[in-house]
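Encoded as structure tokens, the structure appears first; notes follow it.
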Amino acid sequence: MRYVLDRLKEPSTYAGLAALAAAFGVHVDGQVLQASFGVATAAAGLASVLIKEKGESW
384 MRYVLDRLKE PSTYAGLAAL AAAFGVHVDG QVLQASFGVA TAAAGLASVL
434 IKEKGESW
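Rendered as structure tokens:
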């Protein structure tokens, strides 16, 4: 479980999850999809700002 939580702290994980969803052909209604991408993009942007990279110190 610790491994999964550590991976979720890395911004590249979100890009990988999006690639997997696209590869498996996730189909959703157009409006729902557009709203979901908006929310996901905002969340990924916020996470990339707040989560520090490995080796970085504040």
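Here the sequence shown stands for residues 384 to 441, numbered as in my numbering. Cβ coordinates follow ideal geometry from the N, Cα and C atoms, glycine included. All of these numbers come straight from a predicted model, not from anything done at the bench.
| Item | Value |
| --- | --- |
| Straight-line Cα distance separating A423 from E393 | 15 Å |
| CA nearest to the CA of A401, picked from G438, A426, D389, V432 | A426 |
| Secondary structure of D389, DSSP reduced to three states | helix |
| Where F420 sits in the DSSP three-state scheme | helix |
| DSSP three-state assignment for V415, whether helix, strand or coil | helix |
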